[in-house]
Amino acid sequence: MVKILLADDEIETRDNIISCIDWAGNGLELVGAAADGGEALELIKRLSPDVAILDIYMPRLNGLEVIERCRAELAEPPAFIIVSGYSDFAYARQAIRLKVEEYLLKPFRPRELMDAVQRALLQLELRLGTAGSDFFSFVLDCQGKSPSSAPGRYSLRRERQVLNAIAVGTSEDAERSVDEFLADCVLGQDVSTALNYGELLYFEICRLVMERTGRFPTENVFFSSGWTREGVYGQLSDALRRAAHDAQELISRGKNRSAVIVSAVDYIEEHYAEDLTLSKIAGAVFVSPPYLSNLFKEKMGLNLTLYIHQVRIAAAKKLLTDSSMSLQQIAEAVGYRHEKHFMQIFKKLTDMTPSQFRFKKKG
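By this note's numbering, the letter at position 327 of the sequence shown is numbered 777, and the numbering carries on one by one without gaps.
Put into structure tokens, the structure is as follows:
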């Protein structure tokens, strides 16, 4: 059985997840449920789950802080699935940095959670090289197969060849490495397994682009469960070749400019509590304000002012959850001089007031 730990401070959400999944029927054992991040960390250390499903916002420690602690303190941390009701670049960026296996947005259906568990376990198995383990069997069982009947295996060596070709090779190198990956790992597989392997390679291509350029690819590659077994090889080849080509272009365009964005983002995250202006940030990274403004929009997909607000509101949510500071004190602590302005921005980005958020988190 694959051991699962769930952590969410909202009782209703936690109970709904527990009740809507047929855990045993899917080869899973729910070994624990935590109401806050501190309890989640304690249970992970004590119970050694294979997968930890964590809400991003919890008292004591948030989901990302739990992951950081586990990475630092445990020899073999579990696979992590982050569950969040908030979709913005700041959280996704930190999740990528922490190598979170899956990032799931509320609300979601039971099938989506099961798919996320399956993908997270597959990624963990690939990184640990533990074929034959309970969770590898679970992944294959989800595809209607047993380990002994699997005709092919996902190859980390082929994955690395694709990523290296994208990063430093020519377009021909990238296409050839994709073809070799497909021939070794996908040829002869059923549609479900082929799609899983294709999606996993695509996830790693996106991770590479994110690490090299500071942004996600703007065009998503489409994978369809409606593809036939006869056609899936060619369709995956087209999709992954296109993804590799787009990734090469993004990395090539960003080589000389991504350092500016990384420096600007780091500066914002270190100085968000100060009176930040475009001119001040541009001066800190040694470029002109118009250049930084245009480059930030191009590379990050949002304007610089919005990103500053996102970072500040993320910090405010932690203070609202973990402290008894007044709204005025929190506003000043995250860079807003006036409580009213802080409340307006908070409401705009979260669809609730700071007080509503605090009440929801603290009950």
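Glycine residues also receive a C-beta, built at the ideal position from the N, C-alpha and C atoms.
Measure how close the beta-carbons of L456 and L480 come, nearest whole angstrom, since I'm counting them as under 8 Å. Residue mapping note: residue 456 aligns to position 6 of the sequence shown, counting from 1. Residue mapping note: residue 480 aligns to position 30 of the sequence shown, counting from 1. Going by Cβ atoms, the distance from L456 to L480 rounds to 7 Å, so yes, they are a contact pair.
Should D458 go down as buried or exposed, given a rule of 16 or more other Cβ atoms within 10 Å for buried? Position 8 of the sequence shown, counted from the first residue, corresponds to residue 458. D458 is classed as buried because its beta carbon has at least 16 other beta carbons within 10 Å across all chains shown.
In terms of residues, what are the limits of the alpha helix (DSSP H) holding F792? Counting from one through the sequence shown, the residue named residue 792 turns up at place 342. F792 -> alpha helix (DSSP H) spans 789-800.
Chain-order list of residues whose beta-carbon lies under 8 Å from that of Y717 (same chain, five-residue window excluded): Residue mapping note: residue 717 aligns to position 267 of the sequence shown, counting from 1. Correct list, in chain order: I731, A734, V735.
DSSP on S773, reduced to helix/strand/coil? Stepping through the sequence shown from its first residue, residue 773 is reached at position 323. S773 falls in the coil class under three-state DSSP.
Start-to-end residues for the beta strand (DSSP E) that takes in L456: Position 6 of the sequence shown, counted from the start, is the residue given in the question as residue 456. Segment 452-457, the beta strand (DSSP E) holding L456.
Tell me the rounded alpha-carbon separation between K811 and E460. What you label residue 811 is simply residue 361 of the sequence shown in a count that begins at 1. What you label residue 460 is simply residue 10 of the sequence shown in a count that begins at 1. When rounded, the distance between both Cα atoms is 7 Å.
Report back the beta-carbon spacing between V636 and Y647 to the nearest angstrom; my notes put them in contact at under 8 Å. Start at 1 with the first residue of the sequence shown, and residue 636 comes out as number 186. Start at 1 with the first residue of the sequence shown, and residue 647 comes out as number 197. Their Cβ separation, rounded to whole angstroms, is 6 Å, which keeps V636 and Y647 in contact under 8 Å.
Distance CB(I763)-CB(F796) smaller than 7 Å: In the sequence shown, residue 763 corresponds to position 313, counting from 1. In the sequence shown, residue 796 corresponds to position 346, counting from 1. Their beta carbons are under 7 Å apart, which means I763 touches F796 by this criterion.
In chain order, what residues of the same chain lie with their CB nearer than 6 Å to the CB of A566, ignoring the 5 residues before and after it? The count along the sequence shown starts at 1 and reaches residue 566 at position 116. Excluding positions up to five away in sequence, the list reads I531, E552, L554.
Cα separation between L690 and Y786? Along the sequence shown, read from residue 1 onward, the residue named residue 690 stands at position 240. Along the sequence shown, read from residue 1 onward, the residue named residue 786 stands at position 336. Each residue's Cα considered, the two are about 45 Å apart.
Reference G681; option with closest CA among R657, A644, K495: Position 231 of the sequence shown holds residue 681. Taking only the C-alpha atoms, the option nearest G681 is A644.
For W473 and N466, what's the separation of their Cα atoms in angstroms? Your numbering for residue 473 matches position 23 in the sequence shown. Your numbering for residue 466 matches position 16 in the sequence shown. In this structure, the straight-line span from the alpha carbon of W473 to that of N466 is close to 13 Å.
What does the Cβ neighbour count give for F558, buried or exposed, with the cut at 16 atoms within 10 Å? Here residue 558 refers to the residue found at position 108 when the sequence shown is read from its first residue. Counting Cβ neighbours within 10 Å, F558 comes out exposed, since fewer than 16 surround it.
Range of the contiguous alpha helix (DSSP H) that encloses L497: By 1-based counting over the sequence shown, the position of residue 497 is 47. Here the alpha helix (DSSP H) through L497 covers 487-497.
Quick check on the DSSP output: the alpha helix (DSSP H) that includes E518 runs from which residue to which? As a position in the sequence shown, residue 518 is number 68, starting the count at 1. It spans 513-523 - the alpha helix (DSSP H) in which E518 sits, taken as one unbroken run.
D634 versus A484: straight-line alpha-carbon distance, rounded: As a working mapping, residue 634 is identified with position 184 in the sequence shown. As a working mapping, residue 484 is identified with position 34 in the sequence shown. Using only the alpha carbons, I get a separation of about 42 Å.
G648 (DSSP reduced to helix, strand or coil): As a position in the sequence shown, residue 648 is number 198, starting the count at 1. G648 falls in the helix class under three-state DSSP.
Buried versus exposed, by CB contacts within 10 Å (16 or more), M508: To locate residue 508, count along the sequence shown from 1; it is residue 58. Label assigned to M508: buried.
When E782, E622, I711 are compared against L754, the one with the closest alpha-carbon: Mapped onto the sequence shown, residue 754 falls at position 304. Nearest option by C-alpha distance: I711.
Are the beta-carbon atoms of G487 and L511 separated by less than 7 Å? Taking the first residue of the sequence shown as 1, we reach residue 487 at position 37. Taking the first residue of the sequence shown as 1, we reach residue 511 at position 61. Taking 7 Å as the Cβ cut-off, G487 and L511 qualify as a contacting pair.
Which residues in the same chain as E789 place their Cβ atom closer than 8 Å to its Cβ, once the five residues preceding and following it in sequence are excluded? The sequence position of residue 789 within the sequence shown is 339, counting from 1. Answer for E789: L777, Q778, A781, listed in chain order.
Measure the C-alpha to C-alpha separation of L478 and S713 and round it to an integer number of angstroms. Translated into positions along the sequence shown, residue 478 becomes position 28. Translated into positions along the sequence shown, residue 713 becomes position 263. Straight-line Cα distance between these residues: approximately 43 Å.
Paired residues, beta bridge with V533 - DSSP: Looking up residue 533 in the sequence shown gives position 83. The partner list for V533 (beta bridge, DSSP) reads D505, L554.
Distance, Cα to Cα, E462 vs V784? By one-based count along the sequence shown, residue 462 stands at place 12. By one-based count along the sequence shown, residue 784 stands at place 334. Each residue's alpha carbon lies about 30 Å from the other.
L686 - partner residues in DSSP beta bridges: By one-based count along the sequence shown, residue 686 stands at place 236. Answer is none; L686 lacks a bridge partner.
Given K595, which residues of its chain have a CB within under 8 Å of its CB, disregarding the five upstream and five downstream residues? As a position in the sequence shown, residue 595 is number 145, starting the count at 1. With a pLDDT of only 39 at K595, under 50, the local geometry of the prediction cannot be trusted, and the value read off the model is given with reservation. In chain order, D640, T643 place their CB closer than 8 Å to the CB of K595, counting only its own chain and leaving out the 5 sequence neighbours on each side.
Suppose you measure from the CA of D623 to the CA of I616; what does that come to, to the nearest Å? The residue given as residue 623 occupies position 173 in the sequence shown. The residue given as residue 616 occupies position 166 in the sequence shown. When rounded, the distance between both Cα atoms is 8 Å.
Going by C-alpha distance, which of A522, E609, G638 is nearest V628? Residue numbering aside, residue 628 sits at position 178 when the sequence shown is read from its first letter. It is E609 whose Cα lies nearest to the Cα of V628.
Using a Cβ-Cβ cutoff of less than 6 Å, which residues in the same chain neighbour K453 once the five nearest sequence positions on both sides are dropped? Walking along the sequence shown from the start, residue 453 turns up at place 3. Same-chain partners within the cutoff: E479, V481, P499, D500.
Going along the chain, which residues of its own chain have a beta-carbon closer than 8 Å to the beta-carbon of Q611, five neighbours each way excluded? Counted from its first residue, the sequence shown places residue 611 at position 161. The residues are S627, E630, F631.
Three-state secondary structure (DSSP) of G477: Reading the sequence shown from its first residue, position 27 is the one you call residue 477. Coil at G477, not helix or strand.
Got a sec? Which residues, its chain only, sit under 6 Å from R662 by beta carbon, not counting five neighbours each side? Sequence index remark: in the sequence shown, residue 662 carries index 212 (1-based). The residues are I701.
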